[in-house]
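Chemist:
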Amino acid sequence: MGKVIDLVNSKRKLFDKYKLWDVYSFSAFAIPSDCGSIGRVIDITDDYVVFGFRNTTSRRLKVVNLHPKDIHAKKIVDPDTQVRKRVFSLLENYSSVQCAQIGLESLLKLPDLTCEDVAFLNATEFFYKEYLPQVERSRFTVLE
Numbered sequence: 180m181g182k183v184i185d186l187v188n189s190k191r192k193l194f195d196k197y198k199l200w201d202v203y204s205f206s207a208f209a210i211p212s213d214c215g216s217i218g219r220v221i222d223i224t225d226d227y228v229v230f231g232f233r234n235t236t237s238r239r240l241k242v243v244n245l246h247p248k249d250i251h252a253k254k255i256v257d258p259d260t261q262v263r264k265r266v267f268s269l270l271e272n273y274s275s276v277q278c279a280q281i282g283l284e285s286l287l288k289l290p291d292l293t294c295e296d297v298a299f300l301n302a303t304e305f306f307y308k309e310y311l312p313q314v315e316r317s318r319f320t321v322l323e
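Residues in the sequence shown are numbered consecutively from 180, following this note's numbering.
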């Protein structure tokens, strides 16, 4: 029984150094050829660390499951920390708007954000602050 517990504990220790949302720089041979070298931890399962990479051709999110033994990367400073805080804030604001949640959650999974991604975030913030009060007023007018 003790050997089984030790085996399980040693397996889990491989995962201990990985934290959700951390960013890693990978060596070229460790990832699929169509992925950029920067990956973000987007999930940790019992068997894999799940990374979000940006596809170098389509610039879209590519999800890659890697076993900790196969991860040849070093942790780097997240270049988009402030932007991600804004995304989390908007996720709270849009908690009841499913389509907005999906778009914002996608931004969190990308390892790096393009100018277009940041423009989408800026527009979302602006329109939420600018138009929500107008929509709420018009709803109250209809109800009266």
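By construction, the Cβ of each residue, glycine as well, lies at the ideal position given by its N, Cα and C atoms.
Note that the structure is predicted; figures quoted are calculated from it, not measured.
Along the chain, where does the beta strand (DSSP E) that runs through Val242 open and close?
Modeler: Its beta strand (DSSP E) spans residues 240-245.
Chemist: Out of Lys288, Asp195, Asp257, state which residue places its alpha-carbon closest to the alpha-carbon of Val243.
Modeler: Among Lys288, Asp195, Asp257, the Cα nearest to that of Val243 belongs to Lys288.
Chemist: Give the single residue among Phe306, Ser268, Ile250 whose Cα lies nearest to the Cα of Val229.
Modeler: Measuring from the Cα of Val229, the nearest candidate turns out to be Ile250.
Chemist: Any chance you could list the beta strand (DSSP E) runs of at least 3 consecutive residues sitting entirely within the region 243-272, in chain order?
Modeler: You should have 252-255.
Chemist: For Cys214, which beta-bridge partners are listed by DSSP?
Modeler: Per DSSP, Asn234.
Chemist: Spatial neighbours of Trp200 within its chain, please: C-beta separation below 8 Å, excluding the five flanking residues on both sides.
Modeler: Excluding residues within five positions, the ones whose Cβ falls inside 8 Å are Arg219, Val220, Ile221, Asp257, Arg263, Leu287.
Chemist: If we ignore side chains and look at the alpha-carbon of each, how far apart do Leu186 and Phe194 end up?
Modeler: In this prediction, Leu186 scores a pLDDT of 45, lower than 50, which makes its location untrustworthy; the coordinate-derived value is nonetheless stated afterwards. Cα to Cα, the separation comes out at about 13 Å.
Chemist: So what's Tyr197 in DSSP terms, helix, strand or just coil?
Modeler: Correct three-state label for Tyr197: coil.
Chemist: Identify, in the order they occur along the chain, each residue of the same chain with its Cβ nearer than 8 Å to the Cβ of Arg239, setting aside the five sequence neighbours on each side.
Modeler: If we look at Arg239 and ignore the five residues flanking it on each side, its Cβ neighbours are Arg233.
Chemist: Let me confirm a value: Pro211 is counted as buried when at least 16 other C-beta atoms fall within 10 Å, else exposed. Which label applies?
Modeler: It counts as exposed.
Chemist: The alpha helix (DSSP H) spanning Asp204 covers which residue range?
Modeler: Per the sequence presented here, residue 204 reads as Ser, with Asp not at that position. Where Ser204 is concerned, there is no enclosing alpha helix (DSSP H), although the beta strand (DSSP E) it sits in stretches over 202-205.
Chemist: How many Å lie between Cys214 and Lys192 at the Cα?
Modeler: Straight-line Cα distance between these residues: approximately 27 Å.
Chemist: Provide the residue span of the alpha helix (DSSP H) that contains Leu287, from first to last.
Modeler: Its alpha helix (DSSP H) spans residues 277-288.
Chemist: Check this for me: beta carbons of Leu300 and Arg265, under 8 Å apart or not?
Modeler: Yes; because the gap between Cβ atoms is below 8 Å, this pair is in contact.
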